[in-house]
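> Sharing a structure, written as structure tokens. Questions coming.
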Amino acid sequence: MITAARNYLVFLRRCARIAFVGDWRYYAWMGGLTVIVLLGVNAYAKQLVHGLVVTGMSDEVSWGVYIANFTFLVGVAAAAVMMVIPVYIYDNEELHDLVIFGELLAVAAIIMCLLFVTVDLGRPDRFWHLIPGVGQMNFPRSMLSWDVIVLNGYLLLNVHICGYLLYCRYQKRKPAKWFYIPFVFLAIVWAISIHTVTAFLYVGLGGRPFWNASIVGPRFLASAFTAGPALIILALQVIRRVTASGSATELRGGSDVGEKPGRPATLADLALLARELPEMANVTETDRQRALVGAAVIAVAPGDVLLRQGTKSTYAFFVLQGRVVVKKQEGDLARITRTARPGDQFGEVSALHGTAREATAIAEEPSVILRLPASALNVLLETREMHVVVHTRMTERLMITDRSLLILRGIVQVSMIINVFLLVCEVFKEFYSGTTHGASAKYLFFGLHGHHALVPWIWTAIGFNLIAMVILLLPVSRGLKYLNVACVLSIVGIWIEKGMGLVIPGFIPTPLGAIVDYVPSVNETLVCLGIWAFGLLCYTVFLRMAVPILQGRMTKANEGQPDIQGDEPAAALPAPAAH
Amino acid sequence: MPAPTPTPDRTSDAAMSRRSFLRGCAAFGGLTALAASLAPLRELGDFSSSEEFLQKYYKELTPEDMKKVLARIEREVQHQYGIRPHVRDLRPMDGVEFVYALNLTRCIGCRKCVHACVAENNQSRNPEIQYIRVLKMPHGSMDVEKGDHNYTDKSVPEKGFFYMPVQCQQCKNPPCVKVCPVNATWQEKDGITVIDYDWCIGCRYCEAACPYFARRFNFTKPEIPADRLNPNMAYLGNRPRKQGVMEKCHFCIQRTRAGKYPACLEVCPVGARKFGNILDPNSEVSYILREKRVFIQLKEEMGTSPRFFYYFDK
Numbered sequence: 042m043i044t045a046a047r048n049y050l051v052f053l054r055r056c057a058r059i060a061f062v063g064d065w066r067y068y069a070w071m072g073g074l075t076v077i078v079l080l081g082v083n084a085y086a087k088q089l090v091h092g093l094v095v096t097g098m099s100d101e102v103s104w105g106v107y108i109a110n111f112t113f114l115v116g117v118a119a120a121a122v123m124m125v126i127p128v129y130i131y132d133n134e135e136l137h138d139l140v141i142f143g144e145l146l147a148v149a150a151i152i153m154c155l156l157f158v159t160v161d162l163g164r165p166d167r168f169w170h171l172i173p174g175v176g177q178m179n180f181p182r183s184m185l186s187w188d189v190i191v192l193n194g195y196l197l198l199n200v201h202i203c204g205y206l207l208y209c210r211y212q213k214r215k216p217a218k219w220f221y222i223p224f225v226f227l228a229i230v231w232a233i234s235i236h237t238v239t240a241f242l243y244v245g246l247g248g249r250p251f252w253n254a255s256i257v258g259p260r261f262l263a264s265a266f267t268a269g270p271a272l273i274i275l276a277l278q279v280i281r282r283v284t285a286s287g288s289a290t291e292l293r294g295g296s297d298v299g300e301k302p303g304r305p306a307t308l309a310d311l312a313l314l315a316r317e318l319p320e321m322a323n324v325t326e327t328d329r330q331r332a333l334v335g336a337a338v339i340a341v342a343p344g345d346v347l348l349r350q351g352t353k354s355t356y357a358f359f360v361l362q363g364r365v366v367v368k369k370q371e372g373d374l375a376r377i378t379r380t381a382r383p384g385d386q387f388g389e390v391s392a393l394h395g396t397a398r399e400a401t402a403i404a405e406e407p408s409v410i411l412r413l414p415a416s417a418l419n420v421l422l423e424t425r426e427m428h429v430v431v432h433t434r435m436t437e438r439l440m441i442t443d444r445s446l447l448i449l450r451g452i453v454q455v456s457m458i459i460n461v462f463l464l465v466c467e468v469f470k471e472f473y474s475g476t477t478h479g480a481s482a483k484y485l486f487f488g489l490h491g492h493h494a495l496v497p498w499i500w501t502a503i504g505f506n507l508i509a510m511v512i513l514l515l516p517v518s519r520g521l522k523y524l525n526v527a528c529v530l531s532i533v534g535i536w537i538e539k540g541m542g543l544v545i546p547g548f549i550p551t552p553l554g555a556i557v558d559y560v561p562s563v564n565e566t567l568v569c570l571g572i573w574a575f576g577l578l579c580y581t582v583f584l585r586m587a588v589p590i591l592q593g594r595m596t597k598a599n600e601g602q603p604d605i606q607g608d609e610p611a612a613a614l615p616a617p618a619a620h
Numbered sequence: 003m004p005a006p007t008p009t010p011d012r013t014s015d016a017a018m019s020r021r022s023f024l025r026g027c028a029a030f031g032g033l034t035a036l037a038a039s040l041a042p043l044r045e046l047g048d049f050s051s052s053e054e055f056l057q058k059y060y061k062e063l064t065p066e067d068m069k070k071v072l073a074r075i076e077r078e079v080q081h082q083y084g085i086r087p088h089v090r091d092l093r094p095m096d097g098v099e100f101v102y103a104l105n106l107t108r109c110i111g112c113r114k115c116v117h118a119c120v121a122e123n124n125q126s127r128n129p130e131i132q133y134i135r136v137l138k139m140p141h142g143s144m145d146v147e148k149g150d151h152n153y154t155d156k157s158v159p160e161k162g163f164f165y166m167p168v169q170c171q172q173c174k175n176p177p178c179v180k181v182c183p184v185n186a187t188w189q190e191k192d193g194i195t196v197i198d199y200d201w202c203i204g205c206r207y208c209e210a211a212c213p214y215f216a217r218r219f220n221f222t223k224p225e226i227p228a229d230r231l232n233p234n235m236a237y238l239g240n241r242p243r244k245q246g247v248m249e250k251c252h253f254c255i256q257r258t259r260a261g262k263y264p265a266c267l268e269v270c271p272v273g274a275r276k277f278g279n280i281l282d283p284n285s286e287v288s289y290i291l292r293e294k295r296v297f298i299q300l301k302e303e304m305g306t307s308p309r310f311f312y313y314f315d316k
């Protein structure tokens, strides 16, 4: 128990420490974000002193960009499930490694949501009035109390799932299914609920006909499932680029030693492996003898290449001593997908499936490697425990493939079509019926009684959404360049549509028919920027911790070593390809 | 690229001390920047006393607690305005349900009610917060969107228009109460929807929910000239509010629960405003609702069931 607590504390300390380590680009990025955060803090301090009068809000338009951003970000958080559903319900392998990035984004988005509602409060010092038991929570009558519950619940769920999976990976332990799968499924339902509840905040107000429409909930989900995965597509490419260990040319050097003769393996070698891989203990003496047929032990020097991406061979490898790193070429960059230490396997996927090598394995230290032909590996896998451990470790890697981005593209594509369709439904209802309830929509799309503040915004949003939809429908968006353009357009379009296009016009005209325009103030904008910067800062830190763990650079095995492995390549990285 | 094993210069003393020096500089710079960004907080002043911060919910206060709370408020008001107020916690009377009736035939749109209300209820003068909004409406329509909020005619009434003052409708089914996440606003048994200004968190959800534009938010610290302060105060009524909380018409609780008429009624030069106990069959409002042939609950279709009735004489 005490050891477990100590191990966990060491893990947390290493995570915290790695957040402060990086190359100059990392420091520049984090430093820049910190400056914006501090500008936001400064603006908020002014707001705290002088009150919300420093914003553009008024009694007529009593919610502004704070709540608009909040609404948008709840959608981003909810959209993390669009990665989870394919993986856990449809067993999609491509996205498997990437689920955690989606969930971490959800955590960062919820943190931003909570900050946005907090800065919108007139009396943030009284937040404790919301805490059930201590204060007075108007549950279940007030939708806002529902929102408090679902948002905090969603935050806890995602922190638990990400934290647990990463800690297991760090310890090289197979995650206990009962300890996270139920939460994953709960989080799927919960994600839908956070956005539905947020929609109900508006829908429930009978005095605001613009919001009091049952289509708002479905529209929220459709736009969230467009903007969220679009944001993830962009984030994954950034992650892929900045976590590259160098250019692809580095994978061309080194001498191929994977096929060199070596010496025949003996039972003593298998016993050595069993020391690092306890599951070997279950392999019987007879099976061990059978597995030695064709097995060899080779000694390699740093830089030696054991297998090369794209080539074919049927050997699988276990590290007996030293360290081997597996790198994959993606475009013109190379990135570490896995690190093999004593007891770890590599090359097993193509050995078992007879496919070409998916990555290149390079020794990082002088190493001793056990090489098995596919037949010998199959003998070891006859033992159930070995089968389980080898198959579990097969998925312990970090690959961000173009294919996985294209799966997300499919989601964005479909959601965008539904989103635009629902928008058309709403526009039809508002304008064709011609009732006085259409005043807000009239104000939004065409202006009312000489007030046009939102007109340029909404047409920009509609233009962006339509262009994005067309690009997404055309085959050109299979190329990353066009896909990225479509993603950026979708995100900006939906941000406007949901923020300025939904929250603000709900207030205009007022229930007594007055028209008061709303324009966010500079101070208000700075607070928003500060929160966005803080959210990005959080997400960067989460990734800084998660990526080395997923790559096997930071594991319990290298605990206590002076440098956190996984930093060196970034530090030595030549200037990133200009983009 | 072979991954570097720890190289000698990285662990050497010189490099280490240079590193920790840079680290120290970064930490110091960061803290200084944080302090600088927080500098405006020095003006925060009397944002909230610890007593106010820890104060319990209105409905959970014992009579002793309430005494202390009222004493604190009196102290704070005296400190701020130099006037000793009389703050009471007036409770609803048994057998009373207040109702307002407004004669639209008589109202001339002079806005005297608006200003009497501001004076009576210690509303902020800068920016001025008003509970009553008078709409100048063209004859023949009850569509508020046709109303003019900002008419500045030299003399009223203008021919072809009628005037409709709108304030809190004291709904039987108030949307604002339903949405409040912390129960800071509720309906009392005499029909008045009140706000505990010391409990409100300022989320303004009630303001979004109200179909009558009746609620007001203190976007900044209210400003009331000391010589204009009304020292006759009630906890749920006209005591001075703080920055960042909601307020609205409460039928002048400090007057009506002590047997007086609301300020807006008393000042009305044409007698358009009627107020009383609907549970008393002999009250003026009971008579009006029984005998007048046309009376209107504003936005009846909202299902809010206002206790504020508009009627026409002819």
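If you read the protein sequences in the order shown, they are chains X and A. Count the first sequence with my numbering and you get residues 42 to 620, in order. Count the second sequence with my numbering and you get residues 3 to 316, in order. Just so you know, even glycine gets a beta-carbon here, dropped at the ideal spot from N, CA and C.
1. At least one CB of chain A closer than 8 angstroms to the CB of V62(X): is that the case?
2. How many whole angstroms separate the CB atoms of K369(X) and T380(X), which I take to be in contact at a CB cut-off of 8 angstroms?
3. Beta carbons nearer than 8 angstroms to chain A: which residues of the segment 110-123 of chain X have them?
4. Give me the Cα-Cα distance between E190(A) and L578(X), rounded to the nearest whole angstrom.
5. What does A555(X) touch in chain A if you count any residue whose Cβ is under 7 angstroms from its own?
6. Under a CB-based cut-off of 8 angstroms, is T237(X) close to chain A?
7. Under three-state DSSP, which class holds T396(X)?
8. Rank L89(X), S456(X), I545(X) by C-alpha distance to the C-alpha of A480(X) and give the top, closest one.
9. By the three-class DSSP mapping on this structure, what secondary structure does N175(A) have?
10. Which chain X residues sit within Cβ distance under 7 angstroms of K223(A)?
11. If you draw a straight line from the alpha carbon of G245(X) to that of T239(X), how long is it in whole angstroms?
12. Using DSSP's beta-bridge definition, name the partner residues of Y356(X).
13. Beta carbons nearer than 8 angstroms to chain X: which residues of the segment 191-206 of chain A have them?
14. Buried or exposed: P550(X), going by 16 or more other Cβ atoms within 10 Å of its Cβ?
15. Could you pull out every residue in the same chain whose Cβ sits closer than 7 angstroms to the Cβ of W252(X), ignoring the five residues on either side in sequence?
16. Residues of chain A with a CB under 7 angstroms from the CB of L185(X): which are they?
17. If contacts are defined as beta-carbon pairs under 8 angstroms, then L485(X) and L495(X) qualify, I think. What distance do you get, rounded to the angstrom?
18. Where in the segment 463-523 of chain X do unbroken runs of the alpha helix (DSSP H), each at least 4 residues long, occur, reported from the N-terminal end onward?
19. Helix, strand or coil for T96(X) per DSSP?
20. Which ranges does the beta strand (DSSP E) cover as unbroken runs of at least 3 residues, wholly within the segment 131-196 of chain X, from first to last along the chain?
21. Which same chain residues end up closer than 7 angstroms to E225(A) when comparing Cβ atoms and leaving out the 5 residues on each side of it in sequence?
22. What is the DSSP secondary structure of I403(X), counted as helix, strand or coil?
23. List the DSSP bridge partners of P167(A).
24. Closer than 8 angstroms by C-beta to S99(X): which residues in its own chain qualify, once you throw out the five before and the five after it? Chain order, please.
25. Which residues of the segment 169-183 of chain X have a Cβ closer than 8 angstroms to any Cβ of chain A? Give them in chain order.
26. F55(A) versus chain X: which residues are under 8 angstroms apart at the beta carbon?
27. Keeping to the same chain, check which residues put their C-beta closer than 8 angstroms to that of V430(X); ignore five residues upstream and five downstream.
28. Where do the N-terminal and C-terminal ends of the alpha helix (DSSP H) with T566(X) fall, by residue?
29. Which first and last residues belong to the alpha helix (DSSP H) in which H236(X) is found?
30. What do you reckon, are the CB atoms on P271(A) and K114(A) nearer than 8 angstroms?
31. Go through its chain and collect everything with a Cβ distance to K87(X)'s Cβ below 7 angstroms, but skip five positions before and after it.
32. Go through its chain and collect everything with a Cβ distance to T442(X)'s Cβ below 8 angstroms, but skip five positions before and after it.
33. Thinking C-beta only, is L521(X) closer than 8 angstroms to L446(X)?
34. Mapping the DSSP letters down to three states, classify I441(X) as helix, strand or coil.
35. Does the beta carbon of R135(A) sit closer than 8 angstroms to a beta carbon anywhere in chain X?
36. Could you name the residues of the segment 467-496 of chain X whose beta carbon sits closer than 7 angstroms to any beta carbon of chain A, in the order they occur along the chain?
Quick look at the numbers:
1. Position 21 of the first sequence, counted from the first residue, corresponds to residue 62(X). No, V62(X) does not count as interfacial toward chain A.
2. As a working note, residue 369(X) is residue 328 in the first sequence. As a working note, residue 380(X) is residue 339 in the first sequence. Their Cβ separation, rounded to whole angstroms, is 13 angstroms, which puts K369(X) and T380(X) out of contact at 8 angstroms.
3. Answer in chain order: no residues at all.
4. Here residue 190(A) refers to the residue found at position 188 when the second sequence is read from its first residue. Here residue 578(X) refers to the residue found at position 537 when the first sequence is read from its first residue. Rounded to whole angstroms, E190(A) to L578(X) spans 48 angstroms at the Cα level.
5. Here the question's residue 555(X) lines up with position 514 in the first sequence. Within 7 angstroms Cβ-Cβ: H151.
6. Numbered from 1 along the first sequence, position 196 holds the residue referred to as residue 237(X). By this cut-off, T237(X) is not an interface position.
7. For the purposes of this step, residue 396(X) is identified with residue 355 of the first sequence, where counting begins at 1. Three-state result, T396(X): coil.
8. As a position in the first sequence, residue 480(X) is number 439, starting the count at 1. Considering only alpha carbons, the answer is I545(X).
9. Mapped onto the second sequence, residue 175(A) falls at position 173. In the structure shown, N175(A) sits in coil (DSSP, three-state: anything other than H, G, I, E or B).
10. For the purposes of this step, residue 223(A) is taken as the residue at position 221 of the second sequence. Chain X residues near K223(A): G92.
11. In the first sequence, counting from the first residue as 1, residue 245(X) sits at position 204. In the first sequence, counting from the first residue as 1, residue 239(X) sits at position 198. Computed Cα separation, rounded: 10 angstroms.
12. Translated into positions along the first sequence, residue 356(X) becomes position 315. Under DSSP, Y356(X) shares a beta bridge with P414(X).
13. Only those residues of the segment 191-206 of chain A whose C-beta falls short of 8 angstroms from the nearest C-beta of chain X are listed: W201, C202, I203, G204, C205, R206.
14. Taking the first residue of the first sequence as 1, we reach residue 550(X) at position 509. Around the CB of P550(X), 16 or more other CB atoms lie within 10 Å, so the residue is classed as buried.
15. Translated into the one-based positions of the first sequence, residue 252(X) becomes position 211. Excluding the 5 residues flanking it on each side, W252(X) has same chain C-beta neighbours closer than 7 angstroms at Y243, V244, L246, G547, in chain order.
16. Residue numbering aside, residue 185(X) sits at position 144 when the first sequence is read from its first letter. Here the neighbours are V181, P183, C205, Y207.
17. The sequence position of residue 485(X) within the first sequence is 444, counting from 1. The sequence position of residue 495(X) within the first sequence is 454, counting from 1. Contact annotation, L485(X) with L495(X): C-beta distance approximately 5 angstroms; criterion of less than 8 angstroms satisfied.
18. Restricting attention to alpha helix (DSSP H) runs no shorter than 4 residues, the segment 463-523 of chain X encloses them at 480-486, 496-514, ordered along the chain.
19. Taking the first sequence and counting its residues from 1, the one referred to as residue 96(X) is at position 55. Residue state, collapsed to three classes: coil.
20. Correct list: empty.
21. To locate residue 225(A), count along the second sequence from 1; it is residue 223. Here E225(A) has S126, R127, N128 as same chain residues with Cβ atoms under 7 angstroms from its own Cβ, once five neighbours each way along the sequence are excluded.
22. One-based indexing of the first sequence puts residue 403(X) at position 362. Here I403(X) sits in strand by DSSP.
23. What you label residue 167(A) is simply residue 165 of the second sequence in a count that begins at 1. DSSP output for P167(A) lists V136(A) as bridge partner(s).
24. Here residue 99(X) is taken as the residue at index 58 of the first sequence, counted from 1. Excluding sequence positions up to five before and after S99(X), its CB lies within less than 8 angstroms of the CB of V557, Y559, all in the same chain and listed in chain order.
25. From the segment 169-183 of chain X, only H170, L171, G176, Q177, M178, N179, R182, S183 have a Cβ closer than 8 angstroms to chain A.
26. Stepping through the second sequence from its first residue, residue 55(A) is reached at position 53. Against chain X, the beta carbon of F55(A) has neighbours under 8 angstroms at D166, R167, listed in chain order.
27. On the first sequence, position 389 is the one that residue 430(X) refers to. Closer than 8 angstroms at Cβ, skipping near neighbours: K215, L318, E320.
28. On the first sequence, residue 566(X) is found 525 positions in, with the first residue counted as 1. Run containing T566(X): 563-591, per the alpha helix (DSSP H) assignment.
29. Working through the first sequence from its first residue, we reach residue 236(X) at position 195. Note, H236(X): alpha helix (DSSP H), 218-244.
30. For the purposes of this step, residue 271(A) is identified with residue 269 of the second sequence, where counting begins at 1. For the purposes of this step, residue 114(A) is identified with residue 112 of the second sequence, where counting begins at 1. In this structure, K114(A) lies closer than 8 angstroms to P271(A) by Cβ.
31. By one-based count along the first sequence, residue 87(X) stands at place 46. Once the five neighbours on either side are set aside, the close Cβ partners of K87(X) are V95, N564.
32. Within the first sequence, the letter at position 401 stands for residue 442(X). So the qualifying residues of the chain are E135, E371.
33. Stepping through the first sequence from its first residue, residue 446(X) is reached at position 405. Stepping through the first sequence from its first residue, residue 521(X) is reached at position 480. Taking 8 angstroms as the Cβ cut-off, L446(X) and L521(X) qualify as a contacting pair.
34. Position 400 of the first sequence holds residue 441(X). Of the three classes helix, strand and coil, the one that applies to I441(X) here is coil, per DSSP.
35. On the second sequence, residue 135(A) is found 133 positions in, with the first residue counted as 1. Yes - at least one Cβ of chain X is within 8 angstroms of the one on R135(A).
36. T477, A480: these are the residues of the segment 467-496 of chain X whose beta carbon lies less than 7 angstroms from some beta carbon of chain A, given in chain order.
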